[in-house]
Amino acid sequence: MPRATTVFVCSACGTESAKWHGQCPGCGAWNTLAEESRGAARGGAKQASGRAVKPVRLADVRAEKHARLSTGIGELDRILGGGLVPGSIVLIGGSPGIGKSTLTSMALGNLQGAGRRTLYVSGEESAAQIRLRAERLPGAALEVPVLAETDLDTVLGTLDAERPEVCVVDSVQTLHAAELTGAAGSVGQVREVADRITRLAKARGIAVLLVGHVTKEGALAGPRVLEHLVDCVLQFEGERERTYRTLRALKNRFGSTNDVGVFEMRQGGLVEVADASARFVGEATCAPGSAVLAAMEGSRPVLVEVQALVSQSELVPPRRVANGIDRNRLALVLAVLGRHAGVGVGSADVFVNVAGGVRVDEPGADLAIALAVAGAARGVALGGGERPLACFGEVGLTGELRSVGHADRRLAEARKFGLTEIVGPRESGARFEAPTLRAALRAALGPSDSRGARAA
Ligand code: TYD
Ligand code: MG
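Counting in our numbering, the sequence shown runs without a single skipped number right up to 436 at its last residue.
What follows is the structure, encoded as structure tokens:
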């Protein structure tokens, strides 16, 4: 006989437990377990009792080409794989203030302007607040019908009656399913909300842009199961105070996850930055501690400036601050610099920052981090300091410089912006091909003892 059960679910990692714990047995977070009731548990192992269905050979399956809906935002369309697929569910995650509501409002405005039926559902803001935002935005943003509502049943009822082609739900954490206990935003609620919206949207062919918050640690708030439910997960990154934001696909059933879009937040909403490299190179300082990284953002090359500062520390242990790069990557590069390249930062504070608020998550960034830190530690500008010096390459644990993907595209991008002084790994085609980190330092900074000799 099926019976209702109670489980405890961690809001951080989604781990389920039959008992309550102060600390989650899955991820170790404290006070994250919340009670959730399961309507009816499935009975134990049963004999197969369902109807048998004949499987179909893949070659005989009808696969329709999806007609795409253009959002009118080139970078967004590109990341989606050529526009929104009707009936698809796209989750857009990002921290508060990053511009999720702005981006989705702009997309709906453009779609509405192109004659599509749209609906903006908001559980976060009042209709008046949404209007104030729309007034700043271009296109037909003010023509979009809006529903300020937090009750899931009302939202689903309205969706069913209005039958929009594209709908925004801002955000999945603010809607509330009446039949479930637990506050809006709890694991069970988020899962239920996403699940029921997904089912209705699939049945009615409504494309849904589902907005979701991201926790401080960077994970999409709510359980990871959300990512399995939806067709596409987009992550909006960058820092609120900075102007540049990047949008990348973490999952995409209808396209690649290789592409990244760059946006700038302006008075009139988000503006696509097609020439990101030109901006970043133009702003690069050429001072000691600056290096231009020829990075790959998915399949697209982009030049970004990596900056480092090394300064005397009063703290034990000293500070290691990384903005826009992974902290562990910085620790690794510092260790190799000290052990294999003769640049020890010892007890000094080290700050590394990717200018413009961009985040680079690729091993090819190692060399730029190393050169920026070494330049900062020695007070020497890379390549003489007249023009920015570009670089790329992965730093190995034994001090070698390893090759990374798409060397040709990185080089082409650097040359396109007039950077010919490029340091890269062996056989990369760069002007200075360095087999080791030490060799790369010599190429970029000159002989390591020159400053020491001068100081002596
Ligand atoms: P918002 O889209 O509300 O962020 P989210 O939904 O991710 O929380 O907007 C974020 C910030 O952008 C907000 O602080 C105001 C600013 N902004 C602009 O600078 N220009 C604009 O045209 C708009 C609409 C917002
Ligand atoms: Mg918002």
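We put the beta carbon where it would ideally sit given N, CA and C, even for glycine.
List the whole-angstrom C-beta distance separating residue i from residue j, where the pair is believed to meet the contact cut-off of C-beta under 8 Å.
i, j, result
"D131", "V191", "Not quite, the Cβ-Cβ distance comes to about 17 Å (not below 8 Å), so this is no contact."
"P415", "L381", "6 Å"
"V126", "A107", "5 Å"
"G404", "D388", "11 Å between Cβ atoms; not a contact."
"G249", "L91", "Contact doesn't hold; Cβ gap of about 15 Å is too wide."
Using the Cα positions of residue i and residue j, report the straight-line distance between them to the nearest angstrom.
i, j, result
"A419", "L399", "20 Å"
"R339", "V36", "44 Å"
"G61", "A254", "17 Å"
"L295", "P268", "24 Å"
"A187", "V242", "23 Å"
"R406", "A114", "52 Å"
"C147", "T98", "6 Å"
"E16", "I305", "37 Å"
"S430", "S291", "Reliability fails at S430, whose pLDDT of 44 lies under 50, so the model's placement of it is uncertain and the value that follows must be treated cautiously. Roughly 21 Å between the two C-alpha positions."
"A424", "A164", "54 Å"
"C371", "V334", "14 Å"
"M276", "N238", "10 Å"
"E374", "V384", "7 Å"
"L209", "D175", "7 Å"
"L136", "G(-6)", "25 Å"
"G426", "R246", "42 Å"
"V332", "C212", "32 Å"
"L351", "T82", "38 Å"
"L71", "L189", "6 Å"
"R48", "K396", "33 Å"
"G355", "L139", "58 Å"
"V316", "V240", "30 Å"
"L214", "T12", "25 Å"
Any heavy atom of ligand 1 closer than 7 Å to the Cβ of residue i?
i, result
"I53", "no"
"Q247", "yes"
"G226", "It should be pointed out that residue 226 corresponds to Thr in this sequence rather than to Gly. No, since every heavy atom of ligand 1 falls outside the 7 Å radius drawn around the Cβ of T226."
"R222", "no"
"L117", "yes"
"R113", "yes"
"T154", "no"
"G79", "yes"
"T82", "yes"
For residue i, verify whether its CB is less than 7 Å away from any heavy atom of ligand 2.
i, result
"D346", "no"
"E104", "yes"
"S75", "no"
"S85", "no"
"D175", "no"
"D131", "no"
"D150", "yes"
Return helix, strand or coil for residue i, following the three-state DSSP convention.
i, result
"D388", "helix"
"R18", "strand"
"R418", "helix"
"V191", "strand"
"L155", "coil"
"S293", "coil"
"N303", "strand"
"L160", "coil"
"R171", "helix"
"I53", "coil"
"T178", "helix"
"D40", "helix"
"L117", "coil"
"A424", "helix"
"S81", "helix"
"F260", "helix"
"D255", "coil"
Per DSSP, which residues does residue i bridge with? Please list them.
i, result
"P298", "Answer is none; P298 lacks a bridge partner."
"L227", "F216, G241"
"C4", "Answer is none; C4 lacks a bridge partner."
"C147", "L99, V188"
"G89", "BP columns for G89 are empty, so no partner."
"S270", "Q287"
"C371", "L273, V403"
"E(-4)", "V(-11)"
Does the beta-carbon of residue i, which I'm using as the reference point, lie nearer than 7 Å to any heavy atom of ligand 4?
i, result
"S(-3)", "Ligand 4 is not part of the structure shown, which contains ligand 1 and ligand 2 as its ligands."
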